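Only one structure is covered here, and it is reproduced in the block below.
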Amino acid sequence: MTTIESLLGMLINISVPAFAIASMLSMGLRTPLRAFRRQLRDRRTVFAVLGANFVVVPAVGTLLIWLMEGLLPHQTGEGFVIALCAAGAPFVLQLGAMARIPYGETAGPMAVLLLGSILFMPLVVPFLLQDVSVHGWSVARLLLGTMLSPMIAGIVIAAVWPGRADRFARIAGGVAAVSAVLMFLSGFGANSGLVLSLVFSPVLLVAAGLVALAFVAGRFAGDLAGETLTVPDGPAILTSQRNIAAALLVARTGTGGADGDGSIVVAILLLSAVGFVMLVPYALLSGVLRRHRAGEKISLGVLLGVVGPKSD
């Protein structure tokens with residue numbers, strides 16, 4: 001059993017950076033520079049989204065976690081805090097496609113949030129988790145190397161070889177999908193006893209509450225956003241889906257291998273899984289309603305955001 005858990009531990013060490021690099025490369029390949037420029041010009045939207053993700057969610061969420069400290073197992077709260085500080089999840093692009101949100105309204109803000117996470121996490125996570133050794137420079141270097149660099153590389157490749165960008169993006173997306181599955185299986189498998197104990201604890205309810213908090217904060221940000229945002233619940237989806245890749249990278253490396261690291265990793269995976277279960281049905285239902293109102297023909301591929309919409 002020890003050998004299996006060791007193998008699973010090695011697998012998560014490989015799958016986490018692989019997921020981060022592949023997902024950010026895919027995102028860069030599919031996002032033209034004009035999406036960033038247009039979004040950055042809309043300062044009202046930028047400030048509204050940044051405020052929801054880096055002020056309201058981390059501050060209110062951390063306060064709630066501190067108030068419920070006695071209900072949460074050891075270092076589970078720390079894992080939630082790290083996840084709440086990580087914004088700009090690449091999976092938001094797929095959720096946005098499911099919900100029929102214009103690509104630029106998810107890709108532009110997501111890229112802004114990713115850059116914000118690279119600046120925000122090294123400064124704030126060590127401050128919030130003073131009982132866990134978090135190395136700020138290690139966090140910054142890690143996020144720059146595994147998230148920002150692949151995204152920039154994808155943008156450059158798409159600009160140089162536009163005809164091949166979609167093919168490269170599909171390959172990178174496939175690698176990211178496989179890595180994500182391995183990441184969850186190895187993360188939960190290496191800590192199976194802990195996972196079972198958390199399932200029968202208030203942790204899942206707390207995770208659901210944190211996702212709901214992020215959704216409400218993002219929805220208010222959508223109401224305050226500028227004219228470039230035409231779908232007000234776009235920021236709600238964007239804010240609810242935390243950046244699991246960045247959070248896990250920080251948990252696995254930025255904490256310097258602190259004791260109880262398994263608890264932190266499992267908490268991040270659980271929060272992501274709960275968010276996935278809550279957000280995917282919402283995105284699908286929203287997409288069905290919007291496509292129906294637009295008079296579009298709905299197929300499974302269109303509904304899942306795999307192919308473009310089909311109109312009459």
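According to full-length UniProt numbering, the sequence shown holds residues 1 to 312 in order. Glycine residues also receive a C-beta, built at the ideal position from the N, C-alpha and C atoms. Computed from a prediction, not measured in an experiment: that's the story for all the values here.
Got a sec, what are the start and stop residues for the alpha helix (DSSP H) VAL250 sits in?
Where VAL250 is concerned, there is no enclosing alpha helix (DSSP H), given that its DSSP letter is neither H nor E.
Do you know how far the Cα of SER15 is from the Cα of THR3?
Distance between the alpha carbons of THR3 and SER15: 18 Å.
Give a yes or no on whether the C-beta atoms belonging to ALA214 and THR45 are separated by under 8 Å.
No, Cβ-Cβ distance for ALA214 and THR45 is not below 8 Å.
Within the continuous alpha helix (DSSP H) that includes SER286, where are the two ends?
261 to 293 is the extent of the alpha helix (DSSP H) around SER286.
Could you tell me whether the Cβ atoms of GLY209 and ARG242 are closer together than 8 Å?
It is not a contact, given that the beta carbons lie outside the stated cut-off.
Contact between the region 96 to 110 and the region 217 to 237: three or more CB pairs below 8 Å?
Output reads yes: the region 217 to 237 touches the region 96 to 110.
What's the gap between the Cα of GLY116 and the Cα of ARG141?
Cα to Cα, GLY116 sits roughly 14 Å from ARG141.
State whether the region 80 to 91 contacts the region 61 to 69, with contact taken as three or more CB pairs (one from each stretch) at a distance under 8 Å.
Output reads yes: the region 61 to 69 touches the region 80 to 91.
Quick one: grab the DSSP three-state call for LEU227.
Before going on, a small fix: residue 227 reads as Glu here, not Leu. Here GLU227 sits in coil by DSSP.
Out of curiosity, what's the CA-to-CA distance linking ARG293 and ILE268?
Near 37 Å, if we compare the C-alpha coordinates of ILE268 and ARG293.
How far does the alpha helix (DSSP H) with ILE94 in it reach, from first residue to last?
Per the sequence presented here, residue 94 reads as Gln, with Ile not at that position. That run of the alpha helix (DSSP H) goes 92 to 98.
When we look at the beta-carbon of GLY163 and count the other beta-carbons within 10 Å, is it buried (16 or more) or exposed?
Per the 10 Å Cβ criterion, exposed.
Within this structure, are the beta carbons of ARG20 and ALA245 separated by less than 8 Å?
The amino acid occupying residue 20 in the given sequence is Ala; Arg does not appear at that position. In contact: ALA20 and ALA245 (Cβ atoms closer than 8 Å).
Between the alpha carbons of ALA236 and MET147, how many angstroms are there, rounded?
If you take the alpha carbons of ALA236 and MET147, they lie about 23 Å apart.
Could you check whether ALA18 and VAL175 sit closer than 8 Å to each other, using their CB atoms as the reference points?
In this structure, ALA18 lies closer than 8 Å to VAL175 by Cβ.
What are the start and end residues of the alpha helix (DSSP H) that includes LEU198?
LEU198 -> alpha helix (DSSP H) spans 192 to 199.
Within this structure, are the beta carbons of ALA169 and ARG34 separated by less than 8 Å?
Contact: no.
Would you call GLY88 buried or exposed, if buried means 16 or more other Cβ atoms sit within 10 Å of its Cβ?
It counts as buried.
Under three-state DSSP, which class holds LEU64?
Looking at LEU64 - three-state DSSP - the assignment turns out to be helix.
Can you tell me which of the three DSSP states GLY257 falls into?
With a pLDDT of only 49 at GLY257, under 50, the local geometry of the prediction cannot be trusted, and no value is derived from it.
Is VAL92 buried or exposed, if buried means 16 or more other CB atoms sit within 10 Å of its CB?
Burial call: buried.
Could you spell out where the alpha helix (DSSP H) holding ARG170 opens and where it closes?
It spans 162 to 189 - the alpha helix (DSSP H) in which ARG170 sits, taken as one unbroken run.
Is the separation between the beta-carbon of LEU25 and that of ALA247 shorter than 8 Å?
No, they are not a contact pair.
Look up THR31 in the DSSP assignment and say whether it is helix, strand or coil.
In this structure, THR31 counts as coil in the three-state DSSP scheme.
Would a C-beta distance cut-off of 8 Å place PHE188 and VAL195 closer than the cut-off?
It is a contact, given that the beta carbons lie within the stated cut-off.
Can you tell me where the alpha helix (DSSP H) with GLU105 in it begins and where it stops?
Note, GLU105: alpha helix (DSSP H), 103 to 128.
Specify the secondary structure class of ALA87 as computed by DSSP and reduced to three states.
Three-state DSSP puts ALA87 in coil, outside helix and strand.
Taking 7 Å as the limit between beta carbons, can you name the residues of its chain near ILE298, skipping five residues before and five after?
Answer for ILE298: VAL288, ARG291, listed in chain order.
Kindly list the residues whose CB is nearer than 6 Å to the CB of VAL124, restricted to its own chain and excluding five residues on each side of it in sequence; keep chain order.
CYS85.
Take residue 313 and list the residues in its own chain whose beta-carbon comes closer than 7 Å to its own, dropping the five residues that flank it on each side.
As shown, the chain starts at 1 and ends at 312. That puts residue 313 outside it, with no answer to give.
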